[in-house]
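Asks: Top to bottom, those sequences are chains R and V.
When the letters of the first sequence are read in order and numbered with the numbering used here, they come out as residues 688 to 801.
When the letters of the second sequence are read in order and numbered with the numbering used here, they come out as residues 42 to 153.
Starting off with a structure, shown below.
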Amino acid sequence: QQQVKQSPQSLIVQKGGISIINCAYENTAFDYFPWYQQFPGKGPALLIAIRPDVSEKKEGRFTISFNKSAKQFSLHIMDSQPGDSATYFCAASHGGGSQGNLIFGKGTKLSVKP
Amino acid sequence: DSGVTQTPKHLITATGQRVTLRCSPRSGDLSVYWYQQSLDQGLQFLIQYYNGEERAKGNILERFSAQQFPDLHSELNLSSLELGDSALYFCASSFGPKDTQYFGPGTRLTVL
Numbered sequence: 688q689q690q691v692k693q694s695p696q697s698l699i700v701q702k703g704g705i706s707i708i709n710c711a712y713e714n715t716a717f718d719y720f721p722w723y724q725q726f727p728g729k730g731p732a733l734l735i736a737i738r739p740d741v742s743e744k745k746e747g748r749f750t751i752s753f754n755k756s757a758k759q760f761s762l763h764i765m766d767s768q769p770g771d772s773a774t775y776f777c778a779a780s781h782g783g784g785s786q787g788n789l790i791f792g793k794g795t796k797l798s799v800k801p
Numbered sequence: 042d043s044g045v046t047q048t049p050k051h052l053i054t055a056t057g058q059r060v061t062l063r064c065s066p067r068s069g070d071l072s073v074y075w076y077q078q079s080l081d082q083g084l085q086f087l088i089q090y091y092n093g094e095e096r097a098k099g100n101i102l103e104r105f106s107a108q109q110f111p112d113l114h115s116e117l118n119l120s121s122l123e124l125g126d127s128a129l130y131f132c133a134s135s136f137g138p139k140d141t142q143y144f145g146p147g148t149r150l151t152v153l
């Protein structure tokens, strides 16, 4: 059972455009929602993260929007650049006990065309 | 560079063999996580250790085992390897179980 569903699977955006990636989760115990960026041949790197006590978090060109009632969250990349071309993963974890393992979405391959 | 190191970078072996993957966490981090990344299954959590103790298990096969040593480095042992075990194996570390996880560069395992 996939606990975090991510869409779209791939995305092509023109330089300067807005990239939007969506995720939905099922487990209401999740309380930490990070986004990771992965370039070919590299490990995932944390991009931005949010906890459910806020509805939006912005860091530079990257914004997470969070809708607790709909159990959905999304990543917006403003002014997308060719250097943003990578695979993006949403993830979730719950803070119960001492576990912190991440449940990942399937990933979105973003291509930004110059 | 995340500060997490993994060796080896590439590993090619045959079915039925056993291999050991090594991970050194970032300085000061007490938690280590192992993840498997494959094309069909995506990034899947395998196992978590905190300060030498196993804390959580995910989709880890019985043929796989791991441990975290007193110096906090961790090893993932894969035995009786099958073709389907070919994947990227990532180690991540964090200070505590609920802190940001930093991923290593991964070990690419190819089973022939």
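Even for Gly, the Cβ is constructed at its ideal location relative to N, Cα and C.
(1) At 8 Å on the CB atoms, spell out the chain V contacts of residue 773 of chain R, in chain order.
(2) Unbroken beta strand (DSSP E) runs of length 3 or more, entirely within the region 65-92 of chain V: which are they?
(3) Return the first residue and the last residue of the beta strand (DSSP E) that residue 117 of chain V is part of.
(4) Any beta carbon from chain V within less than 8 Å of residue 705 of chain R's own beta carbon?
(5) Just how far apart, CA to CA, sit residue 151 of chain V and residue 778 of chain R?
(6) Among R:731, R:768, R:739 and R:799, which residue has its Cα nearest to the Cα of residue 715 of chain R?
(7) Can you round the beta-carbon distance between residue 771 of chain R and residue 733 of chain R to whole angstroms, since I take them to be within the 8 Å contact cut?
(8) Note down, in chain order, every chain V residue with its Cβ under 7 Å from the Cβ of residue 665 of chain R.
(9) Comparing alpha-carbon positions, which option in R:727, R:759, R:774 and R:726 lies nearest residue 713 of chain R?
(10) Taking a contact to mean a Cβ-Cβ separation below 8 Å, would you say residue 115 of chain V touches residue 128 of chain V in this structure?
(11) Nearest to residue 755 of chain R by alpha carbon, out of R:718, R:800 and R:700?
(12) Can you name the residues of chain V whose CB is closer than 7 Å to the CB of residue 788 of chain R?
(13) To the nearest angstrom, how far is the alpha carbon of residue 92 of chain V from that of residue 117 of chain V?
(14) Which stretch, first to last residue, makes up the beta strand (DSSP E) that contains residue 706 of chain R?
(15) To be precise: take each residue of the region 106-120 of chain V, compare its Cβ to all Cβ atoms of chain R, and keep it if any distance is under 8 Å. Which residues remain?
(16) So, for residue 697 of chain R: in the same chain, excluding its five sequence neighbours on each side, which residues have a beta-carbon less than 6 Å away from its beta-carbon?
(17) Between the C-alpha atoms of residue 762 of chain R and residue 751 of chain R, what's the straight-line distance to the nearest angstrom?
(18) Under 7 Å between beta-carbons, which chain V residues line up against residue 747 of chain R? List them in chain order, please.
(19) Just to confirm, are residue 45 of chain V and residue 133 of chain V a CB contact at a threshold of 8 Å?
(20) What residues in its chain sit with their C-beta under 6 Å from that of residue 89 of chain V, if we drop five residues either side in the sequence?
Replies: This is what the structure gives:
(1) Walking along the first sequence from the start, residue 773 of chain R turns up at place 86. Within chain V, no residue comes near residue 773 of chain R; the closest Cβ sits about 14 Å away, beyond 8 Å.
(2) Taking 3 residues as the shortest admissible run, the region 65-92 of chain V contains the following complete beta strand (DSSP E) segments, listed from N- to C-terminal end: 72-79 and 83-91.
(3) Translated into the one-based positions of the second sequence, residue 117 of chain V becomes position 76. Secondary structure note for residue 117 of chain V: its beta strand (DSSP E) is the uninterrupted segment 115-119.
(4) Here residue 705 of chain R is taken as the residue at index 18 of the first sequence, counted from 1. Not a single CB atom of chain V sits nearer than 8 Å to the CB of residue 705 of chain R.
(5) Here residue 151 of chain V is taken as the residue at index 110 of the second sequence, counted from 1. Here residue 778 of chain R is taken as the residue at index 91 of the first sequence, counted from 1. Linking residue 151 of chain V to residue 778 of chain R through their CA atoms gives a straight-line distance of about 26 Å.
(6) Locating residue 715 of chain R in the first sequence gives position 28, where the first residue counts as 1. Distances from the CA of residue 715 of chain R to each of R:731, R:768, R:739 and R:799 were compared; the closest alpha carbon is that of R:739.
(7) As a position in the first sequence, residue 771 of chain R is number 84, starting the count at 1. As a position in the first sequence, residue 733 of chain R is number 46, starting the count at 1. Contact doesn't hold; Cβ gap of about 15 Å is too wide.
(8) With chain R covering 688 to 801 only, the question about residue 665 of chain R has no answer from this structure.
(9) On the first sequence, position 26 is the one that residue 713 of chain R refers to. Restricting attention to R:727, R:759, R:774 and R:726, the CA atom closest to the CA of residue 713 of chain R is found in R:759.
(10) Residue 115 of chain V sits at position 74 when you count from the first residue of the second sequence. Residue 128 of chain V sits at position 87 when you count from the first residue of the second sequence. Taking 8 Å as the cut-off, the Cβ atoms of residue 115 of chain V and residue 128 of chain V do not count as close.
(11) As a first step, residue 755 of chain R is located in the first sequence; it is residue number 68 there, counting from the start. Closest by alpha carbon: R:718.
(12) As a first step, residue 788 of chain R must be located in the first sequence, where it is residue number 101. Under the 7 Å cutoff, chain V gives 74, 86, 89, 97 and 99.
(13) In the second sequence, the residue the question calls residue 92 of chain V occupies position 51. In the second sequence, the residue the question calls residue 117 of chain V occupies position 76. Rounded to whole angstroms, the separation of the alpha carbons of residue 117 of chain V and residue 92 of chain V is 16 Å.
(14) Translated into the one-based positions of the first sequence, residue 706 of chain R becomes position 19. It spans 706-712 - the beta strand (DSSP E) in which residue 706 of chain R sits, taken as one unbroken run.
(15) Within the region 106-120 of chain V, not one residue has a Cβ closer than 8 Å to any Cβ of chain R.
(16) Residue numbering aside, residue 697 of chain R sits at position 10 when the first sequence is read from its first letter. Contacts found: 796.
(17) For the purposes of this step, residue 762 of chain R is taken as the residue at position 75 of the first sequence. For the purposes of this step, residue 751 of chain R is taken as the residue at position 64 of the first sequence. Approximately 5 Å, taken between the alpha carbons.
(18) Indexing the first sequence from 1 puts residue 747 of chain R at position 60. Correct list: empty, because the minimum Cβ distance to chain V is about 17 Å.
(19) Taking the first residue of the second sequence as position 1, residue 45 of chain V is located at position 4. Taking the first residue of the second sequence as position 1, residue 133 of chain V is located at position 92. A contact, by the Cβ cut-off of 8 Å.
(20) Numbered from 1 along the second sequence, position 48 holds the residue referred to as residue 89 of chain V. Excluding residues within five positions, the ones whose Cβ falls inside 6 Å are 74, 96 and 97.
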